[in-house]
DNA sequence: CTGTTAGCGCGTTCAC
DNA sequence: GTGAACGCGCTAACAG
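Residue numbers (the numbering used here), protein chains in the order written: chain A, 1 to 338; chain B, 1 to 338.
Structure follows, in structure tokens:
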């Protein structure tokens, strides 16, 4: 009973293979009676068409490739979930290319398009160079960027400038004037992460709009980890004139800040306000005020964008910008009066 | 420059397609000079064989399916990471089938094997029924279970009985006699999760071995969520004779217990010891004593088991049992003396 | 409406 | 050693 082919079905139903193919893809009209015959034959043989043969014949792989540094940060899982949901309704499978090194990144960008393994590419956070984008375009590979941006490619962005602004603004509205910012490394992001520069820009802008001078000493950068953030926060908080509030680039880093405050015996939010970014699951548990990104949506919308691009290859690059949401919890409050 | 085929290469090198195929798969001996010709032709044409055509011809899909409720619990991501690592060295791709409902579970179990989409199946935590296992076997589909068990299928298990025992034993060794257990729903696990029953068994066994009577009142079950665990812990802690220590089925639930203690003004670990299970990332941050599972390894070893099973279909089912590790942090201590 | 036939790109017998 | 021809299972013209 292993595997019936379309020919077996055709024979059993007493029709030609093309007819079977027709009822399978209901492309052309088929007379109700023959359709019926074919369908019962299919049922009796427990027939299921071979996707591989179908793909070869169609010249399409019916799968899309998702390239991302998935396992480095919790936020990717949420995005992936959105992708999965959007794709599970379609005929497309997806295969994951996990990137944890620059070498691997380059390999993926170079090999995946030419290997005819996928009909489209979904790239998360990683930003391809102009050269690489040209390569994608020339290969005729539909490509959508999520959480990254390029003018030749459709992309769905989270408005990180606005998010950074929103976080900073919240602190300002509470009355803070001395606002520290602990961010990911701005300069040497080997993968070229957009959000790092964007959130920083939002921070600066909010300061400027409120007439607050930017104090370089209040901006610390370090590897995205709790430990490093804790160290940086410690530096910040032991300054002669320490900030009364700290905005962290990510929730993970915000937790490091919280820890530093705890180490120094500073009460949050009374003596120090802390705001994070991402709204990962634990954030709620720890009552962290943060900025929520709509990660699931970004994945889902990116996948749908790609699907439509595959269906309609000539379309112009589209841009979707997703907003962020301020989630007020218990780690921010007005500063103590002097 | 889109896509050269094997025929183009053959023509350019002035040989037959079979020869090209031979150097591609270095199956049969090819004279060094012709091999050289072919290889330069391949390089000049930037040729890359079509995986799809290859698969059709080979009759193998070169992809394996991974079925799991991935996005429900953080621990699956770690397992998946192990799978990815093991598979990225091989020629196999993998497709994720995410299961969030019982319907979806049944669809996956039924459809995936017959659709000739995959050469092998990796099933995480979900336990197929005997009937379903028969179906897999009859379909000739190599299948490996991770974190689940069946005598007809190879599987890699985490020794949850030992883990439950270990957690409970740790509490006992500290001097506790009144030990509560907050678990996932034991009865109506629609997916048939093994670990639920196993950890419970470990808990009971440790109690018995220490000569402590099992107190049904101390065992509470509820949906695996922080909120529900918090509610259950509250019940436990407001008992006339409350437990001095609580073992939680998962770290997530342990956090709910911690919260309940906080609500009631109970100091941890002085007035209440809490131990979790999983050692998810936040556990370290919150200094939770817990039992670590080797999740990454379970994924990696499962994938390798499957690969070897695909290569050698006649092999007998194998069983791999991975140990657990007690991670002592700051939420457990001896009980207060009366 | 429906059957026949020619590919899709590659592996693989078979003769040479 | 090497090339020609067939087949994997399906779709898409092209005739009827």
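Glycine included, C-beta positions come from ideal geometry on N, C-alpha and C.
DSSP on residue i, reduced to helix/strand/coil?
| i | result |
| --- | --- |
| residue 42(A) | helix |
| residue 322(B) | strand |
| residue 135(B) | helix |
| residue 3(B) | coil |
| residue 88(A) | helix |
| residue 248(B) | strand |
| residue 98(B) | strand |
| residue 336(B) | coil |
| residue 212(A) | coil |
| residue 17(B) | helix |
| residue 48(A) | coil |
| residue 277(B) | coil |
| residue 183(B) | strand |
| residue 156(B) | strand |
| residue 220(A) | strand |
| residue 30(A) | coil |
| residue 330(A) | coil |
| residue 263(B) | helix |
| residue 130(A) | helix |
| residue 93(A) | strand |
| residue 286(B) | coil |
| residue 339(A) | With chain A covering 1 to 338 only, the question about residue 339(A) has no answer from this structure. |
| residue 314(B) | coil |
| residue 305(A) | helix |
Along the chain, where does the alpha helix (DSSP H) containing residue i start, and where does it finish?
| i | result |
| --- | --- |
| residue 197(B) | 194 to 209 |
| residue 291(B) | First-last for residue 291(B): 290 to 293, but that is the beta strand (DSSP E), not the alpha helix (DSSP H). |
| residue 271(B) | Unbroken run through residue 271(B): none, as it is neither H nor E. |
| residue 232(A) | 226 to 237 |
Is residue j closer than 8 Å to residue i when the C-beta atoms are compared?
| i | j | result |
| --- | --- | --- |
| residue 324(B) | residue 293(B) | yes |
| residue 226(B) | residue 285(A) | yes |
| residue 330(B) | residue 243(B) | no |
| residue 97(A) | residue 64(A) | no |
| residue 83(A) | residue 94(A) | yes |
| residue 164(A) | residue 220(A) | no |
| residue 9(A) | residue 38(A) | yes |
| residue 161(B) | residue 202(B) | yes |
| residue 170(B) | residue 326(B) | yes |
| residue 154(A) | residue 307(A) | no |
| residue 256(B) | residue 283(B) | no |
| residue 207(B) | residue 334(B) | no |
Over the uninterrupted beta strand (DSSP E) stretch that includes residue i, give me the two end residues.
| i | result |
| --- | --- |
| residue 65(A) | 63 to 68 |
| residue 122(B) | 120 to 124 |
| residue 147(B) | Careful: residue 147(B) lies outside any beta strand (DSSP E) and carries neither H nor E. |
| residue 115(B) | It is not in any beta strand (DSSP E) - residue 115(B) carries neither H nor E in the DSSP assignment. |
| residue 161(B) | Element bounds for residue 161(B): not the beta strand (DSSP E) but the alpha helix (DSSP H), 160 to 174. |
Between the Cα of residue i and the Cα atoms of the options, which residue gives the shortest distance?
| i | options | result |
| --- | --- | --- |
| residue 235(A) | 214(A), 259(A), 213(A) | 259(A) |
| residue 102(B) | 50(B), 62(B), 193(B) | 193(B) |
| residue 146(A) | 157(A), 152(A), 58(A), 56(A) | 157(A) |
| residue 43(B) | 62(B), 20(B), 31(B), 53(B) | 20(B) |
| residue 159(B) | 283(B), 10(B), 278(B), 27(B) | 278(B) |
| residue 114(B) | 139(B), 291(B), 106(B) | 139(B) |
| residue 345(A) | 275(A), 195(A), 217(A) | Lying outside 1 to 338, the shown extent of chain A, residue 345(A) is not represented and no answer is given. |
| residue 183(B) | 224(B), 206(B), 29(B) | 224(B) |
| residue 317(B) | 305(B), 104(B), 328(B) | 305(B) |
| residue 320(B) | 337(B), 298(B), 334(B) | 298(B) |
| residue 251(B) | 132(B), 271(B), 291(B) | 291(B) |
| residue 288(B) | 152(B), 273(B), 209(B) | 273(B) |
| residue 231(A) | 264(A), 117(A), 80(A), 214(A) | 264(A) |
Measuring only from the beta carbon, is residue i closer than 7 Å to any heavy atom that is part of the ligand NAP?
| i | result |
| --- | --- |
| residue 130(A) | In the structure shown, the ligand NAP is absent, as is every other ligand, since no ligand is present at all. |
Quick one, which residues of the region 48 to 62 of chain A are near chain B if we go by CB-CB under 8 Å, in chain order?
Listed by position, the residues of the region 48 to 62 of chain A near chain B (Cβ gap below 8 Å) are 48, 50, 51, 52, 53, 55, 56, 61.
What residues from the region 103 to 122 of chain A come within 7 Å of chain B, judged by C-beta to C-beta, listed N to C?
Of all residues in the region 103 to 122 of chain A, 114, 115, 116, 117 have a Cβ within less than 7 Å of some Cβ in chain B.
Check each residue of the region 290 to 306 of chain A: if its Cβ is closer than 9 Å to any Cβ of chain B, include it; give the result in chain order.
Result list empty, no residue passes.
Beta carbons nearer than 9 Å to chain A: which residues of the region 220 to 251 of chain B have them?
Cβ contacts with chain A come from 226.
According to a CB-to-CB cut-off of less than 7 Å, which residues of the region 74 to 93 of chain A neighbour chain B?
Using a CB distance below 7 Å, the part of the region 74 to 93 of chain A facing chain B consists of 77, 81, 84, 93, ordered along the chain.
Give me the subset of the region 191 to 222 of chain B whose CB atoms are less than 8 Å from a CB atom of chain A, sorted by chain position.
Here the close residues number zero.
Any C-beta of chain B within less than 7 Å: which residues of the region 254 to 283 of chain A qualify?
Answer set for the region 254 to 283 of chain A: 255, 282.
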